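Novice:
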Amino acid sequence: MSSAPIFIVGCHRSGTTLLRLILDSHPHISCGPETRFLTEFADRITGERHWQHFEHYGFSREYWLQLVAAMFDRFQSDYAARRGKTRWADKTPRYALSVPLIAEMYPDCQIVHLIRDGRDVVASHRTSWGYLSGIKATAKWPYYIRMAREAGRQLSPDRYHELRYEDLVLDTRATVGRLLEFLGEPWDDAVLRHDEQEHDVQARYYERSASRRAASSNGGAVYRARVAAAGRDLDPVLRAITTLTARRTLRELGYR
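Residues 4 to 259 in the working numbering are what the sequence shown lists, from first letter to last.
#1: Considering only residues of the same chain and omitting the five flanking positions on each side of residue 95, which have a CB-CB separation below 6 Å?
#2: Taking the alpha helix (DSSP H) that residue 253 belongs to, which residues open and close that run?
#3: How close, in whole Å, do the beta carbons of residue 34 and residue 124 come, if the pair is a contact with beta carbons under 8 Å?
#4: Would you report the Cα separation of residue 235 and residue 242, rounded to the nearest angstrom?
#5: Please identify the residue among 98, 172 and 10 whose C-alpha is closest to the C-alpha of residue 111.
#6: Check whether the region 113 to 122 touches the region 151 to 166, counting contact only when three or more Cβ pairs, one atom from each stretch, lie closer than 8 Å.
#7: Restricting to Cα atoms, I'd like to know which of 91, 92, 146 and 155 is closest to residue 102.
#8: Please identify the residue among 180, 259, 28 and 17 whose C-alpha is closest to the C-alpha of residue 204.
#9: Could you name the residues of the same chain whose beta carbon sits closer than 8 Å to that of residue 231, not counting the 5 residues immediately before and after it, in chain order?
#10: Tell me whether residue 163 sits in a helix, a strand or coil according to DSSP, three-state version.
#11: Once you ignore the five residues that flank residue 190 on each side, which residues in its own chain have a CB closer than 7 Å to its CB?
#12: When you compare only the Cα positions, how much space is there between residue 69 and residue 22?
#13: State the DSSP-derived secondary structure class of residue 158, mapped to helix, strand or coil.
#14: Run the CB neighbour count on residue 137, radius 10 Å, all protein chains shown included, and call it buried at 16 or more, exposed below.
#15: Bridge partners for residue 230 per DSSP, in chain order?
#16: Let me make sure I understand the geometry here. Which of 134, 7, 130 and 65 has the alpha-carbon closest to that of residue 244?
#17: For residue 18, count the other beta carbons within 10 Å of its own beta carbon; 16 or more makes it buried, fewer makes it exposed. Which is it?
#18: If distances are taken between C-alpha atoms only, which option among 240, 24 and 6 comes closest to residue 139?
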């Protein structure tokens, strides 16, 4: 049984919270609230503007990164142990832009990259955060995909794993089964009943998920109504911008 840290990455609105709760339902894995801590602190170390202050202490960049990594591991491990779990995971979409740094800080970690149809990601940005967010997502989505995939190609197959949001919600058992095999964890039916487990999430997420689950026709823990959301939620302008900026990435990923 592995104790390697797990990092869930992907563009925002790609289903990373759903995947977080699924893994958090496994008896071995604890995946708590998003912190963004590692990249925000690491920027102080790797960014030229801030490093000039730290370097006067006389410690190397590697020293600071190891120190931060150890501290983050400590509180995540303590949090997992308090919940009766033996392994921790972190879900932070923004880490898709910092996979090399994360891999350097945790040489044994495993990266899970969740990918969703970019058109649906844009649609979700619009409905969740407004029209301007939808416009920004047309360029944000291919950028996140490119950065994470390029970094993933530099890692060994046992450290980087891609899965699709569409597979996760339409064929949950098989998709999560492959993920657990990659993670070296045994199957447990609890991952199919994440809605019955206790998680540390904001109340609004429970309310929104319960509403969407009730409106879904499949009646399971994972609702499928958000697949192909772009067909309902993208107006002609956003659709045209998405096609212009993300066409190449959509084709590379097989989205038609």
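We put the CB at the ideal spot given by N, CA and C, even for glycine.
Values in this document were obtained by computation on a predicted structure and should not be read as measured data.
Specialist: Working from what's here:
#1: 37 and 39
#2: 239 to 255
#3: Not a contact, Cβ separation roughly 21 Å.
#4: 11 Å
#5: 10
#6: yes
#7: 155
#8: 28
#9: 120 and 123
#10: strand
#11: 180 and 183
#12: 28 Å
#13: coil
#14: buried
#15: None; residue 230 has no bridge partner.
#16: 134
#17: buried
#18: 240
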